[in-house]
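Start counting at 1 in the sequence shown, then tack on 13, and there's your number in our numbering.
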Amino acid sequence: MGENLALNIERNGFPLAVYNRTALRTEEFLAERAQGKDIVAGRTIEEFVEEIARPRRIIIMVKAGAPVDSVLAELRPFLDPEDIVIDGGNSLFTDTDRRTVEAGGAFRFMGMGISGGEEGALNGPSLMPGGPRDAYDVVEPMLVAISAKTRAGPCVTYIGPGGSGHYVKMVHNGIEYGDMQLIAETYDLLGRALGMTAPEMTEVFAGWNQGKLESYLIEITAQVLAVTDKATGNPLVGMILDTAEQKGTGRWTSQNALELATPIPTIDAAVVARSMSSIRAERVIASQVLSGPSSAILATSSHRAATIAALENALYFAKISSYAQGMALLQAATAEHGWNINLAEIARIWKGGCIIRAALLDLIRQAFSENPGLANLLLAPHIAEAINASAPSARQAVASAVQMGIPSPAFSASLNYVDTYRTERLPANLIQALRDNFGAHTYRRIDKDGVYHTDWTSGETERLL
């Protein structure tokens, strides 16, 4: 990804120097990919830094965690206060906050989320830069030039100070987790409930990508399902071990959401689903011990089209619910940290280059453009209309999955989020009563002001505040 980003920068008219700790990698890059390009290499950190015009603009593309600290420590002795160092990896935002403080006056430090994978890095990624505003102003022309472009403009914007850029990228990845899990559950329902083959599903997903579900992930799902394993002649996807790995950004999203008391159940379900997939040996044993419903085909061929249409609506409902959760988390974080993140701009820069780019983002951008103070995406009139129209299909999908014993954690979580959010009175009153009973934690009343405690044996109640 770092190599591709370098090629993107050079192609857009910015000569550059490159460096890799492994000298052989640098030599291979120069010989194989940078031949004839305005790219030079440093064999040492000092030589690399000296090759760059002042104020130096350096992008680090290394694994998150200790490697970033190590590279910064190597660079620091050779930098000037006006130099800018950008961490372009998937660093935890609190690490970026810490590194910003540690940089002090030695150099200007920025954290920038980059989405789009290797292809995006080469042809135009979505960029989420955070850090000192004056540093962003220096690098903005380059970032605009290398970013993905849509009708709404370049897919880059100044996010805010400190670790805000990496935070937005973290939430992007959390939404990505939820989106992929929802698509996987849809694939499972199409196969196990409707008996569809991978080639048949290819046509379904390709068709969906022409409508309201249009998105990069739906597009490549159709692509993946179409590939045949040359060794067996079977669909390649069916030959892949069902254990999904994760690098941590989804888990970080869930952890931070808990700290901010902001529910993101679809993303949480996706993280848990990946963890469940990793205990495959146990699942194989459990499949022989624990019983479930029969796996009879849900619909005959004559009803298949209607069921597929219902699944399209259900997936659309769940995606809206998931994005609403992610945007709510960004709202909570900007309030907590004073970042002033512009959610309409976030939706705009996610329209191109990044993994979760989707037609739905136009509606999300519209919602926060029309009402920047919108409490929750679900309250925007055009979003509420879409949710209300597709909710029956979501209920049908979840009910069918439950009846057939097909796990659908992300679909269920998406539906429960909406149902909980739209419920005027929840059973939390009983929880408060129980807490007061065993721990004297007190409660508030619906008919009177104040804080109360009850002796639940005698029924005697006293107002404490």
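Idealized CB from N, CA, C, for every residue including glycine.
All values derive from a computational prediction rather than experimental measurement.
With DSSP as the reference, identify every bridge partner of residue 162, one or two as the case may be. 167
Nearest-angstrom Cα separation, counted from residue 198 out to residue 230: 14 Å
Own chain, CB closer than 8 Å to residue 46, minus 5 neighbours either side, in chain order: 16, 20
Quick check: residue 41 and residue 55, are their CB atoms within less than 8 Å of each other? no
What does the alpha-carbon distance come out to for the pair residue 58 and residue 233? 39 Å
Reference residue 238; option with closest CA among 340, 211, 387: 211
If we count the other Cβ atoms within 10 Å of its Cβ and call it buried at 16 or more, is residue 422 buried or exposed? buried
Quick one: give me the first and last residue of the alpha helix (DSSP H) that residue 477 is part of. Premise fails: residue 477 is in no alpha helix (DSSP H) and is neither H nor E.
What are the partner residues of residue 53, as DSSP defines its beta bridges? 30
Less than 8 Å between the C-beta atoms of residue 53 and residue 77, yes or no? no
Using a Cβ distance threshold of 8 Å, determine whether the stretch 115-123 contacts the stretch 84-99, with at least three qualifying pairs required. yes
Whole-angstrom C-beta distance between residue 104 and residue 81, which should lie under 8 Å: 6 Å
Sufficient close CB pairs (3 or more, under 8 Å) joining the stretch 124-133 to the stretch 175-194: yes
Residue 254 to residue 292, Cα distance in whole Å? 12 Å
Report the partner residues of residue 126 according to the DSSP bridge assignment. 141
Residue 471 versus residue 413: straight-line alpha-carbon distance, rounded: 47 Å
Closer than 8 Å is the cut-off here; do at least three beta carbon pairs connect the stretch 276-294 with the stretch 316-328? no
Measure the Cβ-Cβ separation of residue 169 and residue 184 and say whether it is below 8 Å. no
How many whole angstroms separate the CB atoms of residue 273 and residue 343, which I take to be in contact at a CB cut-off of 8 Å? Incorrect: roughly 10 Å between the Cβ atoms, too far for contact.
Rounding to the nearest angstrom, what Cα-Cα distance links residue 99 and residue 70 in this structure? 8 Å
Less than 6 Å between C-beta atoms, sequence neighbours within five positions excluded: which residues of the same chain meet that for residue 286? 194, 422
Apply the 10 Å Cβ neighbour rule to residue 96 and answer buried if 16 or more other Cβ atoms are within range, or exposed otherwise. buried
Please identify the residue among 188, 399, 359 whose C-alpha is closest to the C-alpha of residue 283. 188
Going by the CB atoms, is the gap between residue 145 and residue 160 shorter than 8 Å? no
Residue 278 versus 334, 401, 373, residue with shortest Cα-Cα distance: 334
Environment of residue 270 [buried if 16+ CB atoms lie within 10 Å]: buried
Start and end residues, alpha helix (DSSP H) containing residue 200: 177-205
Burial state of residue 154 (16 or more Cβ within 10 Å): exposed
With 16 as the cutoff for other CB atoms within 10 Å, does residue 385 come out buried or exposed? exposed
Assuming residue 378 and residue 357 form a contact by the criterion Cβ under 8 Å, report the distance between their Cβ atoms to the nearest whole angstrom. 5 Å
Which of the three DSSP states is assigned to residue 454 in this structure? coil
If I follow the unbroken beta strand (DSSP E) through residue 250, where does it start and stop? Taken as a continuous stretch (DSSP letters only), residue 250 belongs to no beta strand (DSSP E), as it is neither H nor E.
Excluding five sequence neighbours on each side, which residues of the same chain lie with their C-beta closer than 6 Å to the C-beta of residue 113? 122, 175
Contact set for residue 381: own chain, Cβ-Cβ below 7 Å, skip 5 residues either direction: 356, 357, 360, 387
Mind the definition here: the stretch 400-420 touches the stretch 320-333 only if three or more C-beta pairs lie below 8 Å; say whether that holds. yes
Paired residues, beta bridge with residue 228 - DSSP: 371
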